[in-house]
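Every number in our numbering is 18 more than the matching position in the sequence shown, counting from 1.
First up is the structure itself, then whatever we jot down about it.
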Amino acid sequence: MGGVSKEHSVESCSGTDIMLGSFVLVGICIFIFIVIRIQRPKNFPPGPQPVPIFGNLLQLNILNPLKDLERLAECYGNVYSLYIGRNPAVVLTGFKAVKEALVTNAADFSGRPQNLMVNSIIQKTGFIFADYGSAWREHRRFALMTLRNFGLGKQSMEKRILGEIEHLVARLEKSAGADMNPKTLFHDAASNIIYLVLFGTRFEYEHQTLKEFVRCFTENLKIGNGPWAMIYDTLPVVRGLPLPFKKAFQNFNTVKQIVLNMINKHKLTRVSGEPRDFVDCYLDELDKKGDGQSSFDENNLLGIVIDLHVAGTDTTSNTLLTAFLYLMAHPHIQERCRQEIDEVLEGKAQASFEDRHNMPYTQAVIHESQRVANTVPLSVFHSTSRDTQLMGYSIPKGTLIIPNLSSVLSEEDQWKFPHEFNPANFLNDQGQFEKPEAFLPFSAGPRVCLGEGLARMELFLILVSLLRRFQFVWPEDAGEPDFTPVFGITLTPRPYKMGVRLRQKPGEMQKQ
Numbered sequence: 019m020g021g022v023s024k025e026h027s028v029e030s031c032s033g034t035d036i037m038l039g040s041f042v043l044v045g046i047c048i049f050i051f052i053v054i055r056i057q058r059p060k061n062f063p064p065g066p067q068p069v070p071i072f073g074n075l076l077q078l079n080i081l082n083p084l085k086d087l088e089r090l091a092e093c094y095g096n097v098y099s100l101y102i103g104r105n106p107a108v109v110l111t112g113f114k115a116v117k118e119a120l121v122t123n124a125a126d127f128s129g130r131p132q133n134l135m136v137n138s139i140i141q142k143t144g145f146i147f148a149d150y151g152s153a154w155r156e157h158r159r160f161a162l163m164t165l166r167n168f169g170l171g172k173q174s175m176e177k178r179i180l181g182e183i184e185h186l187v188a189r190l191e192k193s194a195g196a197d198m199n200p201k202t203l204f205h206d207a208a209s210n211i212i213y214l215v216l217f218g219t220r221f222e223y224e225h226q227t228l229k230e231f232v233r234c235f236t237e238n239l240k241i242g243n244g245p246w247a248m249i250y251d252t253l254p255v256v257r258g259l260p261l262p263f264k265k266a267f268q269n270f271n272t273v274k275q276i277v278l279n280m281i282n283k284h285k286l287t288r289v290s291g292e293p294r295d296f297v298d299c300y301l302d303e304l305d306k307k308g309d310g311q312s313s314f315d316e317n318n319l320l321g322i323v324i325d326l327h328v329a330g331t332d333t334t335s336n337t338l339l340t341a342f343l344y345l346m347a348h349p350h351i352q353e354r355c356r357q358e359i360d361e362v363l364e365g366k367a368q369a370s371f372e373d374r375h376n377m378p379y380t381q382a383v384i385h386e387s388q389r390v391a392n393t394v395p396l397s398v399f400h401s402t403s404r405d406t407q408l409m410g411y412s413i414p415k416g417t418l419i420i421p422n423l424s425s426v427l428s429e430e431d432q433w434k435f436p437h438e439f440n441p442a443n444f445l446n447d448q449g450q451f452e453k454p455e456a457f458l459p460f461s462a463g464p465r466v467c468l469g470e471g472l473a474r475m476e477l478f479l480i481l482v483s484l485l486r487r488f489q490f491v492w493p494e495d496a497g498e499p500d501f502t503p504v505f506g507i508t509l510t511p512r513p514y515k516m517g518v519r520l521r522q523k524p525g526e527m528q529k530q
């Protein structure tokens, strides 16, 4: 009897210990929630309840949060809040909210958050991620002026693009009658066009420097809006650990070294006051502003060259990849473009950017490709530069702002066919090209993409030139096209094969 009583006593003690431990654990959790709980500021936009440490990270699909952001907008409205760790963020959904913030109240919403992974990587160089201030304005003004001087929107820029198209055509001619993977081809061509502006030079498509540049950029654009970036931004404690986001830092250092070598090599042939390209212009500006009173320095030159390369490459190449994917899936649209191109360019050796005014359908197809490509779905994050108001809500200074451009480009009240690829979205009842106000693939306001003009010229000249020379077909053994993009800072079409069929040269067509 005594042995049984002792065993029962031990079990009771053990059970008591477990209960006591559970109460202590619950008490600790309650204490943590009370002490470090996240409280919204007064009159802050509504949103899902954040939890300590993680904020709303656990409520989002960190591989691709676009569907979750859409769902939350249905619950909380077109202006709602999220927390990235303890940092508040406001998500803008739909054209009205995005326009009111980025255009109507541009001065209040044009800042950049300075505590995210991307800022740690770029080390405060360049101007895409620079905060809204005098240094940013000085560099953006210089960049716009210099790009215009070197032909942006002029025939000199057109000649650079058409020259690169000749190399693109030659590469495609080698694949005529076969299937090829176009991904690196469009990246290489777009990279070379921006290199011509920056350094006055280009690389052969298989050049190791070009391949390394494209690899580093495409990897970082995926990492930058991927799960490891979210974890880095949400949990500062992990930043020193050897986790996959370290790859982004390594890639950026590789790119920096490549650019630094190119700049140093460029200096050897430079003549002060006789600029050949963007880099020469910046170095001339450094000579003028050698008094230390300017934000111009070689570190910023390095950052700006990288920024312009990113702005001038990835969005353009991904839009072209999207355009040809849909043109192969809709051969009747491709053929209608080709008929319009042949008619307008009859007797001409090359296309001109001015020809776009006589090609409403082709223009509509290019713009519809940009809309569906949705290349920068969440823009580049903004932040508020001071305490402000938006659609009745109070938003404190320093709040991270996420403009959901994806929601604008597929908003049902703004588009005739918001959820399908249809050039009619950009054609009026008379068949004339017409661009809706909600077409914001380059964002809006003071932070609108610096490379918009160059991208528009590239997209038109490349697509028209290639459709005039080739027919593109979906390979018979490739299965059904997959239109689901890969999420990142930029959306990228999934890899696909493209069948290339050679048409007659323009001169040969003219003789018939």
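Just so it is clear, CB atoms sit at the ideal spot from N, CA and C, and this is done for glycine as well.
Since this is a predicted model, take the numbers as computed values, not measurements.
Q.
Between the alpha carbons of residue 48 and residue 70, how many angstroms are there, rounded?
A. A caution first: residue 48 carries a pLDDT of 48, below 50, which makes its placement in the model unreliable, though a value can still be read off. The C-alpha of residue 48 lies about 11 Å from the C-alpha of residue 70.
Using the Cβ count rule (16 or more neighbours within 10 Å means buried), how would you classify residue 357? Looking at its Cβ environment, which holds fewer than 16 other Cβ atoms inside 10 Å, residue 357 is exposed.
Close beta carbons around residue 478, own chain, < 7 Å, minus the five adjacent residues each side: Here residue 478 has 371, 374 and 384 as same chain residues with Cβ atoms under 7 Å from its own Cβ, once five neighbours each way along the sequence are excluded.
Subject >> Sequence-distant residues of its chain with Cβ nearer than 6 Å to residue 124 (five each side left out) >> reply: For residue 124, the CB contacts under 6 Å within the same chain, skipping 5 residues up- and downstream, are 463 and 464 in chain order.
- Task: Spatial neighbours of residue 59 within its chain, please: CB distance less than 6 Å, with the 5 preceding and 5 following residues excluded, ordered by chain position.
- Result: Same-chain partners within the cutoff: 414.
_Segment contact flag, the stretch 157-170 with the stretch 330-342, C-beta cutoff 8 Å, min 3 pairs_ = Under the three-pair Cβ rule at 8 Å, the stretch 157-170 does not count as touching the stretch 330-342.
May I ask you to verify whether the stretch 85-102 touches the stretch 137-145, counting CB pairs closer than 8 Å and requiring at least 3?
A contact between stretches requires three or more CB pairs, one per stretch, nearer than 8 Å, and the stretch 85-102 fails this requirement with the stretch 137-145.
DSSP three-state assignment for residue 149, whether helix, strand or coil:
In this structure, residue 149 counts as coil in the three-state DSSP scheme.
Chain-order list of residues whose beta-carbon lies under 8 Å from that of residue 486 (same chain, five-residue window excluded): Within the same chain, residue 486 has close Cβ partners 356, 359, 360, 363, 369, 521 and 524.
Endpoints, beta strand (DSSP E) assigned at residue 101: Start and end: 97-102.
Review point. What is the rounded straight-line gap between the Cα of residue 340 and the Cα of residue 186?
Key: CA-CA distance, residue 340 to residue 186, rounds to 17 Å.
Since residue 422 is in the beta strand (DSSP E), which residue starts that stretch and which ends it?
Its beta strand (DSSP E) spans residues 418-422.
Quiz item: Smallest Cα separation from residue 329: which of 109, 215 and 82?
Solution: Of the listed residues, the one whose Cα sits closest to residue 329 is 215.
Could you say if the stretch 452-463 and the stretch 105-118 meet the contact criterion of at least three C-beta pairs nearer than 8 Å?
The answer is yes - the stretch 105-118 touches the stretch 452-463, with three or more Cβ pairs under 8 Å.
Worksheet entry | Whole-angstrom distance between residue 274 and residue 288, CA atom to CA atom | Roughly 21 Å between the two C-alpha positions.
Excluding the 5 residues preceding and the 5 following residue 321 in the sequence, name in chain order all residues of the same chain whose CB lies nearer than 6 Å to its CB. Only 143 and 144 meet the Cβ criterion.
If we call anything under 8 Å between Cβ atoms a contact, is residue 276 one with residue 227?
Yes. Within cutoff.
Among the candidates 518, 499, 519 and 517, whose CA atom is the shortest distance from the CA of residue 511? Among 518, 499, 519 and 517, the Cα nearest to that of residue 511 is on 499.
Residue 335, enclosing alpha helix (DSSP H) - first and last residue | Residue range 316-347 is occupied by the alpha helix (DSSP H) that includes residue 335.
Practice problem: Can you give me the start and stop residues for the beta strand (DSSP E) that residue 413 sits inside? | Solution: Boundaries of the beta strand (DSSP E) harbouring residue 413: 411-413, taken from the DSSP string.
* Asked: Expressed to the nearest angstrom, what Euclidean distance is found between the alpha-carbon atoms of residue 190 and residue 429?
  -> Roughly 37 Å separates the two Cα atoms.
Taking one C-beta from the stretch 71-91 and one from the stretch 242-252 each time, how about it: are there three or more such pairs within less than 8 Å?
Yes: the two stretches touch, three or more of their Cβ pairs being nearer than 8 Å.
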